[in-house]
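Report on the structure given below.
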Amino acid sequence: MTHGQLIRKLRKERGLTQAQLAEGISSRTTLSTLENSKTDVNINTLFSYLDRLNVSIQEYMFYFNDSSNTEKELATKYFYDNIVKKRDIEIEQRILDYQSKYKDSKDFYYCCLSIELKLFLNKKKDKTVFDVREDTEIIKKYLERVTQWGHFEMSIFANCLYIFTSDYIRATFTILLKRTKILSKIDTYQNDISIFLNNCIVLALERKNYQNARFYIQQLYQISEKTPRKAYDRMMCAYYLALLKQLKGVNANVDSTISHFKELGFSEHAEMLENLRDRLLSSSKQSIA
Numbered sequence: 001m002t003h004g005q006l007i008r009k010l011r012k013e014r015g016l017t018q019a020q021l022a023e024g025i026s027s028r029t030t031l032s033t034l035e036n037s038k039t040d041v042n043i044n045t046l047f048s049y050l051d052r053l054n055v056s057i058q059e060y061m062f063y064f065n066d067s068s069n070t071e072k073e074l075a076t077k078y079f080y081d082n083i084v085k086k087r088d089i090e091i092e093q094r095i096l097d098y099q100s101k102y103k104d105s106k107d108f109y110y111c112c113l114s115i116e117l118k119l120f121l122n123k124k125k126d127k128t129v130f131d132v133r134e135d136t137e138i139i140k141k142y143l144e145r146v147t148q149w150g151h152f153e154m155s156i157f158a159n160c161l162y163i164f165t166s167d168y169i170r171a172t173f174t175i176l177l178k179r180t181k182i183l184s185k186i187d188t189y190q191n192d193i194s195i196f197l198n199n200c201i202v203l204a205l206e207r208k209n210y211q212n213a214r215f216y217i218q219q220l221y222q223i224s225e226k227t228p229r230k231a232y233d234r235m236m237c238a239y240y241l242a243l244l245k246q247l248k249g250v251n252a253n254v255d256s257t258i259s260h261f262k263e264l265g266f267s268e269h270a271e272m273l274e275n276l277r278d279r280l281l282s283s284s285k286q287s288i289a
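Using the numbering used here, the letters of the sequence shown map in sequence onto residues 1 to 289.
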C-alpha cells in the first residue's frame, strides 16, 4: 500500500471529503494527486493530514507496514522480550547477523544491537566474552556527535549505561536533558527518561555509589509528576529509598512496595525486585565481611 492509498483509506473511513481533509493544509488537487499515487508527500503535509485524521505517527506506520511489525521492530522485540530465554550460541549468532546487516545497510541501528548483545553476554557471564573497548568508543562518539537526541539515542545510552563510568553518566545526564528538551512534551519521551533514570539508579546501587543513587531517585520523583508512569515511578522511588536504607544498615520495609506490585498483578516485576534486593544485600554483606 502506498502513502496515497493509505491516506485515502483513512480519510474515507472517517467520512471526510478531500476538500475537508486538505482545508488549510494543501490544495485539494495536491491531496488528490497524492491519493492517486502520482506524487510523494511532503512530510510536514503528511503530519498535518494525520493530525486532522486523529491518527498518531505510530499508528500510521503500523498501518503503512500492513499491520505488521517492521524488521527493526521485530529485532527490538527479540532483544527485549526473548533474549533472556535464548541460549548463548543463539545470541552469538544474532550478533554476527546484526554485524552483517550493519555492514550491508550501514544502518547504525544494527551496529547498536550487536553491541548491546555483546554487553548482555558479558554481564550474564560476569566475564569478558567480547572485547567491547572499540564498541564503547563507537557508542560514545555517536552520542557526542548527535546534538538533538531522540528515542533512539536515549535508548542506546540507557541500554549501554554500565560501559560508562559513574562520573561520565552523571555529567551526561545534564547534557541529555538539554539535547532532548524539544521532546519533553511527548509521552514517549517521558517514558524514555523514566526508563533511563531507573537504569541509572540500579547501576548506582550495584556500584555502591549511594550518593548518585539518591540523586537519580530525586530526579525520577520530580520527573514522574509529568509522566503517564507517575504511579509506577513513585512506587519505584519508594522501593529504591527503602533499599538504599537497608544497604546502609538502616531498617526499612523494602517488601512493602514489592507486595503492592504483587497485589496489582505484576508478579514477574515483583520477582525481579526481590532478586535485585537479594543480590544487592548479599553483595553489601560480602563487602563488609
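Where is the CB? At the ideal position from N, CA and C, for every residue including glycine.
Counting C-beta neighbours from all protein chains within 10 Å, is the total for residue 229 16 or more, i.e. buried, or is it exposed? Looking up residue 229 in the sequence shown gives position 229. So residue 229 ends up on the buried side.
Are residue 117 and residue 156 close, meaning C-beta to C-beta below 8 Å? In the sequence shown, counting from the first residue as 1, residue 117 sits at position 117. In the sequence shown, counting from the first residue as 1, residue 156 sits at position 156. Contact: no.
Cβ contact (3+ pairs, closer than 8 Å) linking the stretch 42 to 49 and the stretch 13 to 20: no
Can you tell which of 26, 25, 258 and 285 has the C-alpha that lies nearest to the C-alpha of residue 272? On the sequence shown, position 272 is the one that residue 272 refers to. Here the closest residue by C-alpha is 258.
Put residue 20 into one of helix, strand or coil per three-state DSSP. Walking along the sequence shown from the start, residue 20 turns up at place 20. Note: residue 20 maps to helix in three-state DSSP.
Over the uninterrupted alpha helix (DSSP H) stretch that includes residue 237, give me the two end residues. Residue mapping note: residue 237 aligns to position 237 of the sequence shown, counting from 1. First-last of the alpha helix (DSSP H) with residue 237: 230 to 247.
Given a threshold of 16 other Cβ atoms within 10 Å of its Cβ, counted over all protein chains shown, does residue 270 qualify as buried or as exposed? The residue you call residue 270 lines up with position 270 of the sequence shown. So residue 270 ends up on the buried side.
Looking only at its own chain, which residues have a Cβ that is under 7 Å from the Cβ of residue 147, when we skip the five neighbours before and after it? Counting from 1 along the sequence shown, the entry for residue 147 is found at position 147. Counting only Cβ-Cβ distances below 7 Å, and skipping sequence neighbours, we find 179.
Could you work out which residue in 232, 60 and 211 is closest to residue 166 when comparing CA atoms only? Here residue 166 refers to the residue found at position 166 when the sequence shown is read from its first residue. Comparing Cα positions, the closest option is 211.
Who are the Cβ neighbours of residue 36 in its own chain at under 6 Å, not counting the five residues just before and after it? Within the sequence shown, residue 36 is the residue found at index 36, counting from 1. Cβ within range, chain order: n/a, list empty.
Output the distance between the C-alpha atoms of residue 261 and residue 268, rounded to the nearest integer angstrom. Counting from 1 along the sequence shown, the entry for residue 261 is found at position 261. Counting from 1 along the sequence shown, the entry for residue 268 is found at position 268. Answer to the nearest angstrom: the Cα atoms are 9 Å apart.
DSSP three-state call for residue 258: helix, strand or coil? To locate residue 258, count along the sequence shown from 1; it is residue 258. In the structure shown, residue 258 sits in a helix (DSSP, three-state: H, G or I).
Ranges of the alpha helix (DSSP H) found wholly within the stretch 141 to 223, counting only runs of at least 4: 151 to 159, 166 to 179 and 187 to 206
Go ahead and label residue 1 buried or exposed: buried means 16 or more other beta carbons lie within 10 angstroms of its beta carbon, across all protein chains shown. As a working mapping, residue 1 is identified with position 1 in the sequence shown. So residue 1 counts as exposed.
Cutting at 6 Å between CB atoms, please list the residues of its own chain near residue 22, excluding the five before and the five after it. Taking the first residue of the sequence shown as position 1, residue 22 is located at position 22. Here the set comprises 28 and 31.
What is the DSSP secondary structure of residue 252, counted as helix, strand or coil? As a working mapping, residue 252 is identified with position 252 in the sequence shown. Three-state DSSP puts residue 252 in coil, outside helix and strand.
Alpha-carbon to alpha-carbon, residue 234 and residue 124: What you label residue 124 is simply residue 124 of the sequence shown in a count that begins at 1. What you label residue 234 is simply residue 234 of the sequence shown in a count that begins at 1. Residue 124 and residue 234: Cα-Cα distance of roughly 29 Å.
For residue 5, collect the residues of the same chain with a Cβ closer than 8 Å to its Cβ; drop the 5 residues on either side in sequence, then sort them by chain order. Residue numbering aside, residue 5 sits at position 5 when the sequence shown is read from its first letter. If we look at residue 5 and ignore the five residues flanking it on each side, its Cβ neighbours are 35 and 37.
At the 8 Å Cβ level, is residue 256 part of the contact set with chain D, yes or no? Judged by its chain identifiers, the structure shown contains no chain D, having just a single protein chain.
Residue range of the alpha helix (DSSP H) that residue 4 falls in? Residue numbering aside, residue 4 sits at position 4 when the sequence shown is read from its first letter. Where residue 4 is concerned, the enclosing alpha helix (DSSP H) stretches over 3 to 13.
Three-state secondary structure (DSSP) at residue 289? For the purposes of this step, residue 289 is identified with residue 289 of the sequence shown, where counting begins at 1. Per-residue confidence for residue 289 stands at a pLDDT of 47, beneath the threshold of 50, marking its modelled position as unreliable; the derived number appears in the next sentence. Note: residue 289 maps to coil in three-state DSSP.
Closer than 6 Å by C-beta to residue 33: which residues in its own chain qualify, once you throw out the five before and the five after it? Chain order, please. Numbered from 1 along the sequence shown, position 33 holds the residue referred to as residue 33. Contacts found: 39.
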